[in-house]
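Undergrad: Chains as they are written, first to last, in our numbering: chain D, 31 to 767; chain P, 180 to 375.
Even for Gly, the Cβ is constructed at its ideal location relative to N, Cα and C.
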Amino acid sequence: MGLFNTKNKAAGKPDGRVEGIAKVTGAGKYAAEYKVDNMCHAVFAGSTIAAGTIKSIYLDNAKQVEGVLDIITHLNKPAVPGFASETKLKETRFGLPLFHTDKVYFRNQPVAMVVADTLENATYAASLIEFTYQEDTPTVDFKKAHPSVPLKMQGKERGSLDAWSNAPQVVDQQYDIAAEVHNPMEMHATIAHWTADDKLVLYDKTQGVVNVQRTIAKIFEIPQENIEVFSEFVGGGFGSGLRVWTNGVGAVMAAKAVKRPVKLMLTRSQMFSLTGYRPAAWQRVKLGADNDGKFLGIHHQGKNGTSVFEPFQEGITSITRMVYNFDNLKAEQSIVPLNLGTPTWMRGPGDCTGAFAVECAIDELSYQLNMDPVALRLKNFAITHDPENKKPYSSNFIDECITKGAEMIDWKQRKQQPGALTEGDWKIGYGVAVGMWGAGRGNASAGITMEKDGTMTVKTAMTDIGTGTGTAMQNMTHTFTGMPKDKIKIALGHSTLPTAGSQGGSTGLSSISGAVSAVCDALKKQLADYAAAINPAYKDAKPADVLLSATGVSLKTDKNEFVSLADIWQKNNLTDISVKASSGPGAERQQYAFCCSTAHFVKVRVNTKTGKVKVERAICVADGGTIVNEKPAANQISGAIVGGIGMALMEEIHADEKLGNLVGNDLAGYHFAVNADAPIIEVAFINKPDPYVNPSGAKGLGEVGIIGCAPAIANAIYNATGKRLRDLPITPDKVLV
Amino acid sequence: MNGKNYYSRRFFLKTSGALAALAAIPATVKSFYMDAKRLIIPPRQKQPLIVKVNKQTHKLDVDTRTTLLDLLREDLHLTGTKKGCDHGQCGACTVHVNGERVLSCLTLAATLPGKEVTTIEGLADGDQLHPMQAAFLECDGFQCGYCTPGQIMSAVACVKEGHTKSVAEIKEFMSGNLCRCGAYNGIVASIQKVAK
Chain D
31 MGLFNTKNKA AGKPDGRVEG IAKVTGAGKY AAEYKVDNMC HAVFAGSTIA
81 AGTIKSIYLD NAKQVEGVLD IITHLNKPAV PGFASETKLK ETRFGLPLFH
131 TDKVYFRNQP VAMVVADTLE NATYAASLIE FTYQEDTPTV DFKKAHPSVP
181 LKMQGKERGS LDAWSNAPQV VDQQYDIAAE VHNPMEMHAT IAHWTADDKL
231 VLYDKTQGVV NVQRTIAKIF EIPQENIEVF SEFVGGGFGS GLRVWTNGVG
281 AVMAAKAVKR PVKLMLTRSQ MFSLTGYRPA AWQRVKLGAD NDGKFLGIHH
331 QGKNGTSVFE PFQEGITSIT RMVYNFDNLK AEQSIVPLNL GTPTWMRGPG
381 DCTGAFAVEC AIDELSYQLN MDPVALRLKN FAITHDPENK KPYSSNFIDE
431 CITKGAEMID WKQRKQQPGA LTEGDWKIGY GVAVGMWGAG RGNASAGITM
481 EKDGTMTVKT AMTDIGTGTG TAMQNMTHTF TGMPKDKIKI ALGHSTLPTA
531 GSQGGSTGLS SISGAVSAVC DALKKQLADY AAAINPAYKD AKPADVLLSA
581 TGVSLKTDKN EFVSLADIWQ KNNLTDISVK ASSGPGAERQ QYAFCCSTAH
631 FVKVRVNTKT GKVKVERAIC VADGGTIVNE KPAANQISGA IVGGIGMALM
681 EEIHADEKLG NLVGNDLAGY HFAVNADAPI IEVAFINKPD PYVNPSGAKG
731 LGEVGIIGCA PAIANAIYNA TGKRLRDLPI TPDKVLV
Chain P
180 MNGKNYYSRR FFLKTSGALA ALAAIPATVK SFYMDAKRLI IPPRQKQPLI
230 VKVNKQTHKL DVDTRTTLLD LLREDLHLTG TKKGCDHGQC GACTVHVNGE
280 RVLSCLTLAA TLPGKEVTTI EGLADGDQLH PMQAAFLECD GFQCGYCTPG
330 QIMSAVACVK EGHTKSVAEI KEFMSGNLCR CGAYNGIVAS IQKVAK
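1. Report buried or exposed for P/F211, applying the criterion of at least 16 other Cβ atoms within 10 angstroms of its Cβ.
2. Using only the alpha-carbon positions, how far apart do D/S190 and D/V713 sit?
3. Provide the residue span of the alpha helix (DSSP H) that contains D/A648, from first to last.
4. Provide the residue(s) that pair with D/E258 in DSSP beta bridges, ordered along the chain.
5. In whole angstroms, what is the alpha-carbon distance linking D/I249 and D/G280?
6. Using C-beta distances below 6 Å, list every residue in its chain close to D/A149, excluding the 5 sequence neighbours before and after it, in chain order.
7. Decide if the region 675-683 of chain D is in contact with the region 162-182 of chain D; the criterion is three or more beta carbon pairs, one per stretch, under 8 Å apart.
8. Excluding the 5 residues flanking P/Y325 on each side, which residues of the same chain have their C-beta closer than 8 Å to its C-beta?
9. Helix, strand or coil for D/Y354 per DSSP?
10. Does DSSP put D/L294 in a helix, in a strand, or in coil?
11. Of all the CB atoms in chain P, is at least one closer than 9 Å to the CB of D/A772?
12. I want to know whether the region 308-324 of chain D touches the region 283-296 of chain D - three or more CB-CB distances under 8 Å.
13. If you scan the region 304-340 of chain D from start to end, which runs of the beta strand (DSSP E) of 3 or more residues do you find wholly inside it?
14. Exposed or buried, which one is P/I229 when buried takes at least 16 other CB atoms within 10 Å?
15. Checking contacts by CB at 9 Å: is P/N181 closer than that to chain D?
16. Going by DSSP in three states, D/A562 sits in which element: helix, strand or coil?
17. Do you know whose CA, among D/A652, D/I657, D/E687, lies nearest D/I671's CA?
18. Let me check understanding here. Comparing Cα to Cα, which of D/W456, D/S299, D/I413 lies closest to D/P214?
19. Take D/S608 and list the residues in its own chain whose beta-carbon comes closer than 6 Å to its own, dropping the five residues that flank it on each side.
20. Going by the CB atoms, is the gap between D/D357 and D/L399 shorter than 9 Å?
21. When we look at the beta-carbon of P/H256 and count the other beta-carbons within 10 Å, is it buried (16 or more) or exposed?
22. Which residues does DSSP list as the beta-bridge partners of D/V488?
23. Using a Cβ-Cβ distance under 9 Å, would D/E49 count as near chain P?
24. Assuming P/K234 and P/G320 are in contact, meaning their beta carbons sit under 8 Å apart, how far apart are those beta carbons, in whole angstroms?
25. Take D/L33 and list the residues in its own chain whose beta-carbon comes closer than 6 Å to its own, dropping the five residues that flank it on each side.
26. May I ask you to report which of helix, strand or coil DSSP gives D/L406?
27. For D/I413, count the other beta carbons within 10 Å of its own beta carbon; 16 or more makes it buried, fewer makes it exposed. Which is it?
28. Could you tell me which residues DSSP puts in a beta bridge with D/Y163?
29. Starting from the beta carbon of D/E785, find every residue of chain P whose beta carbon is closer than 8 Å, and list them in chain order.
30. From the DSSP output, in three-state form, read off D/W275 for me.
31. Would you say P/E279 faces chain D, with C-beta separation under 9 Å as the test?
32. How about P/Q226: is its C-beta nearer than 9 Å to some C-beta of chain D?
33. What are the residues that DSSP puts in a beta bridge with P/R359?
34. With burial defined as no fewer than 16 other Cβ atoms inside 10 Å of the residue's Cβ, what is the status of D/K53: buried or exposed?
35. Can you round the beta-carbon distance between P/I331 and P/M311 to whole angstroms, since I take them to be within the 8 Å contact cut?
36. For the beta strand (DSSP E) containing D/V704, name the first residue and the last one.
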């Protein structure tokens, strides 16, 4: 098993994540749960049109509600410096000039904010505000809007289209994906507290405290270091926490206006409009191959929806450049402005969308060739080199993933002939698809404070949105230093801790592992220096030679040279030891290409009478380098498959074409996979270290688990029924038509 | 909570306009004006409430609109019970009322006199975790942890109700508790472990 899979169970306590007890006892504090004296509540009133201009606002009724402290609209707002001009707004990268415009860009756009003593009063008052508008016709239907938007070249063309114009085997199809909403279980919330005129404390649901500091500092023009951000427990993100949204800016404005701390938690229906979503996408893939299945070329076109006030382009065609050898490749993309909120990165952004079209097209080709889709992929994988920049992959085991997955599902049970397996009203089918994601790494810092009794606190500003970052840090610290795990405490998600980027794009663990490695070395160096005052053998000792235990340090030599922590503390007159270190990607990024990958195998049952699709087995084999944390890593992957099941079979936002409102914008109307919708998901890892990515050899797993899952399901439905469904989600009505 | 009342607003605007002309006049007219306002915007109503939460009795004066969920989170600062939708659609707010699983967001606090509420904070016996809490920890039955208190409260009830005969049955009876991280593998394993 993994390099870090060292069992060290603290007496009497079950083995689990570092923050596990806080989570199972309800003690962990999420953004909206901090107790702040004199706090009041803010609630947004949303626009009831999707496009137009506010003509008048009636606040009289709302103002009569007991406990109302203030009502903020564009007419009376406290001026926010970052929204003072178009130029300034651009610099903030916030997009929506909240309460600084009479324009309505989308339905449910916050157009007023009530601040009141209690949530009940604020909610009631917000419901009493009335607006009149000059209404424009909104554009919300992506499928109707995109044909009129022209495509533009996306990246460099490889080879040419002409080179394979005579390809004997061609698949040319179009694929659609409905917009999906992240919907983390915790709704976005902020508590804002001005502790001085230019000093702010924020308790915020975010995937990056530093990003919140930076953004709020820009918008309110106060020094970044004057903003303290707490985000110690984060109730999911999936990308929605990578930006600051209106709840953050609104709470800060409200707190300034009423001179009291203010809590603003979005409602679930507001979450659908105000915190991003995976935009709807249209794609066309033209794929050419020779009669033996060798790919000759690909032409990939993609469009995605965005808002009318902010451009957002998904990297839909990026994945086309990574996975397979295409000598000829052309990619084109464009964005389609709609009267909806701005979309944002959602788990596996771009690649997840692109993989649906490419992996389905390859499946279509396999049937056309009468060739096993696993064999077809194996024939065309780019294993040794990144086909785009020609750099060698530092490690790429996508071939091993697909081979292992095929074994696990017993792929030979699959029939090449669609519709061949039947049980009563159920048709049974098998599907495969792969996913890939660039294994990124960012700069990160970490610190360690060590006390006399050996207790170490490893700290970083990075958040843990449920991926197991804290537990991984504990495991790595244990491996790097030898200190028993029960002596290693973790502090995360607070802006005063050593700075680190957001947890997103599957870079969290990769980035932080470098920092943890560096800070462990710094601690060992520091301890060796102190120990040298007692035992000269420590003079010039290298960090790699120093080993820690609960009671002291020793050298990896025959003589051991043990020096107790008590002696070190006494001799050097210490209270505690504090070290800090930073780390980031280096020259290896110029030499190598980095990727993590997955192979998805599913077995589905499709009911021929009801159109219901049941995923009976879902298998994912992942290459994430060294697995630092086996249980949470497997949890990440199986959770991503649950997300993939939702994407494939149920998730969609539907906007009413006339009114511009979202239909079913709550958790009853918007279906994502519940417990009964998912089988027990089978996960396996290649678990081989990547030699260059970072000191731990681990590559991020957050995104790659969902990439390729939806096409594997769509391909299985084809294998079961002979129906090629190219429009996600594949709901029963589409299956039956 | 919905106050979209156009008739009332017009009525109010008219009466307030007329009454403004009478400004500094008789107290009776003023009181009529106040009454007219109240007809449109009802004042907050409070009700005394004695309720037992986690074996501790609380004497409170609650807003009649307050849900048990908001009472726990905002008034009693028992924030272990989570708000995930506020509409009874996600299960994150699941607590036990008189030993049965209940959605606290759909339960008005005013309906609680004489009832006994148990939240996630009341499940452990001091430092000794409830077996279901320990199982969730060991089976990694969560990721972000936000739906977890609701999952655990439902899981305890699921075992008590005897709906644990198969994976399919557990999945069915735990499907009122959504988990967006998709930690369903671990949730099912935790329940199987405790049900054994």
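TA: Taking the coordinates as given:
1. exposed
2. 39 Å
3. First-last for D/A648: 643-653, but that is the beta strand (DSSP E), not the alpha helix (DSSP H).
4. D/V231
5. 11 Å
6. Position check: residue 149 of chain D holds Leu in this sequence, whereas Ala was assumed. Excluding residues within five positions, the ones whose Cβ falls inside 6 Å are H71.
7. no
8. K261, G263, A271
9. strand
10. strand
11. This structure gives no information on residue 772 of chain D, because the portion of chain D shown stretches from 31 to 767.
12. no
13. 311-319, 325-337
14. exposed
15. Because P/N181 carries a pLDDT of 44, less than 50, the predicted location of this residue cannot be relied on, and no value is offered for it.
16. helix
17. D/A652
18. D/S299
19. T479
20. no
21. exposed
22. D/I478, D/I520
23. yes
24. Not quite, the Cβ-Cβ distance comes to about 26 Å (not below 8 Å), so this is no contact.
25. With a pLDDT of 34 at D/L33, under the threshold of 50, the predicted position of this residue should be treated as unreliable, and no value is reported.
26. helix
27. exposed
28. D/I84
29. With chain D covering only 31 through 767, there is no way to say anything about residue 785 of chain D.
30. coil
31. no
32. no
33. DSSP output for P/R359 lists no bridge partner at all.
34. buried
35. 5 Å
36. Premise fails: D/V704 is in no beta strand (DSSP E) and is neither H nor E.
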